[in-house]
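Asker: Residue numbers (my numbering), protein chains in the order written: chain A, 66 to 189; chain B, 66 to 189.
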């Protein structure tokens, strides 16, 4: 199942099993990180980037939504010194491997929400 | 189909058809906006907030991923003066209405990506 491939990717990241994680990706894997406007081309670049990502981070998978060869994931990453990071990702599989990712990484909030809408909103 | 309910929600937002959009939401609808740490409780608060959202924004639906009663969406919102906003959303349906939303709204990038990873990355 497609969802199990994506779940396994996050589990292998969490375990720092980089070579095994790489085996889940197509050779020509491409990831877009929309928040920072970055594109990572190729399995090796993606694995090396994540292998070198600083911090003692830990990943929790909140939800996987699968439709055929596409899986959407919600994860939370905690890191003791930098905080909590929520991320949504959309993964496209081809022949059982992940060929394409589009990721939405949120920064921890730096400012309170705009005042104009406070009448309709609670703070999490 | 669940996906058609979510597509219709975005279409009705785009058309500023607020009352019709509200009819797609459960009375006890709750939305979480994770980037800003906001929770919007109730159909009316969500509709009023969006009705009052400033700007001449326009929504394009990029992708919908459906699994049973859950739909993940990717959209892009453009606004002439403030820029381009990417968002992922996860919507849970109950009895054909949207009961729960978890949204990942990205701000336009304000700074270049960290230099430590530039060797593995292209700019979008």
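Yeah, the Cβ is synthetic: ideal placement off N, Cα and C, and Gly gets one too.
Keep in mind the model is a prediction, meaning the values are calculated, not measured.
Residues of the segment 68 to 97 of chain B in Cβ contact with chain A at a cutoff of 8 Å, in chain order, please.
Answerer: Result list: 97.
Asker: Using a 10 Å radius around the Cβ and a threshold of 16 neighbouring Cβ atoms, would you call residue 180(B) buried or exposed?
Answerer: Residue 180(B) is exposed by the Cβ-count criterion.
Asker: So which residues on chain B does residue 106(A) lean against when the C-beta distance must stay under 8 Å?
Answerer: Near residue 106(A) (Cβ distances below 8 Å), the residues of chain B are 187.
Asker: Fully enclosed by the segment 113 to 168 of chain A, which beta strand (DSSP E) runs are 3 residues long or longer?
Answerer: Segments of the beta strand (DSSP E) lying fully in the segment 113 to 168 of chain A: 123 to 132, 135 to 144, 148 to 159.
Asker: Just to confirm, is the Cβ distance from residue 129(B) to residue 138(B) under 8 Å?
Answerer: Yes, Cβ-Cβ distance for residue 129(B) and residue 138(B) is below 8 Å.
Asker: Please list the partners that residue 135(A) has in chain B, where partner means a Cβ-to-Cβ separation under 8 Å.
Answerer: Neighbours of residue 135(A) on chain B, chain order: 128, 130.
Asker: Would residue 154(B) and residue 143(B) be called neighbours here (beta carbons separated by less than 8 Å)?
Answerer: Result no, Cβ atoms of residue 154(B) and residue 143(B) do not sit closer than 8 Å.
Asker: What does the alpha-carbon distance come out to for the pair residue 73(A) and residue 95(A)?
Answerer: About 18 Å.
Asker: Does the beta-carbon of residue 80(A) have 16 or more other beta-carbons within 10 angstroms, so that it is buried, or is it exposed?
Answerer: With fewer than 16 Cβ atoms within 10 Å of its Cβ, residue 80(A) is classed as exposed.
Asker: What does the alpha-carbon distance come out to for the pair residue 110(A) and residue 175(B)?
Answerer: The alpha-carbon atoms of residue 110(A) and residue 175(B) are separated by roughly 24 Å.
Asker: Determine the closest residue to residue 135(A) out of 82(A), 149(A), 156(A), with distance taken between C-alpha atoms.
Answerer: It is 156(A).
Asker: Is any beta-carbon of chain A found at less than 8 Å from that of residue 66(B)?
Answerer: Answer no: the Cβ-Cβ gap between residue 66(B) and chain A never drops below 8 Å.
Asker: Check this for me: beta carbons of residue 93(A) and residue 189(B), under 8 Å apart or not?
Answerer: Taking 8 Å as the Cβ cut-off, residue 93(A) and residue 189(B) do not qualify as a contacting pair.
Asker: Report yes if the C-beta distance between residue 105(B) and residue 185(A) is below 8 Å; otherwise report no.
Answerer: Closer than 8 Å, so yes.
Asker: Please name the residue, chosen from 116(B), 102(B), 170(B), that lies closest to residue 84(B) on a Cα-to-Cα basis.
Answerer: Out of 116(B), 102(B), 170(B), 116(B) has the C-alpha closest to the C-alpha of residue 84(B).
Asker: Report the neighbours of residue 102(A) on chain B: residues whose CB is nearer than 8 Å to its CB, in chain order.
Answerer: Under the 8 Å cutoff, chain B gives 174, 178, 188, 189.
Asker: Rounded C-beta distance between residue 78(A) and residue 86(A)? I'm assuming under 8 Å.
Answerer: Right, the Cβ-Cβ distance comes to about 6 Å (below 8 Å), so this counts as a contact.
Asker: Does any residue of chain B bring its CB to less than 8 Å from the CB of residue 171(A)?
Answerer: Yes, residue 171(A) counts as interfacial toward chain B.
Asker: Output the distance between the C-alpha atoms of residue 177(B) and residue 171(B), rounded to the nearest integer angstrom.
Answerer: Approximately 15 Å between the Cα atoms of the pair.
Asker: Return yes when the C-beta of residue 137(B) is under 7 Å from any heavy atom of the ligand HEM, and no when it is not.
Answerer: This structure simply doesn't include the ligand HEM, nor any ligand for that matter.
Asker: Please classify residue 99(A) as buried or exposed, where buried requires at least 16 other C-beta atoms within 10 Å of its C-beta.
Answerer: The residue in question, residue 99(A), is buried, as its Cβ has 16 or more Cβ neighbours within 10 Å.
Asker: How long is the line joining the alpha carbons of residue 101(A) and residue 131(B), rounded to whole angstroms?
Answerer: Roughly 27 Å between the two C-alpha positions.
Asker: Measure from the alpha carbon of residue 127(B) to the alpha carbon of each residue in 165(B), 152(B), 187(B), then state which is nearest.
Answerer: Of the listed residues, the one whose Cα sits closest to residue 127(B) is 152(B).
Asker: With 8 Å set as the bound, which would you pick, yes or no: does the beta-carbon of residue 158(B) sit closer than that to a beta-carbon of chain A?
Answerer: False, the Cβ-Cβ gap to chain A never drops below 8 Å.
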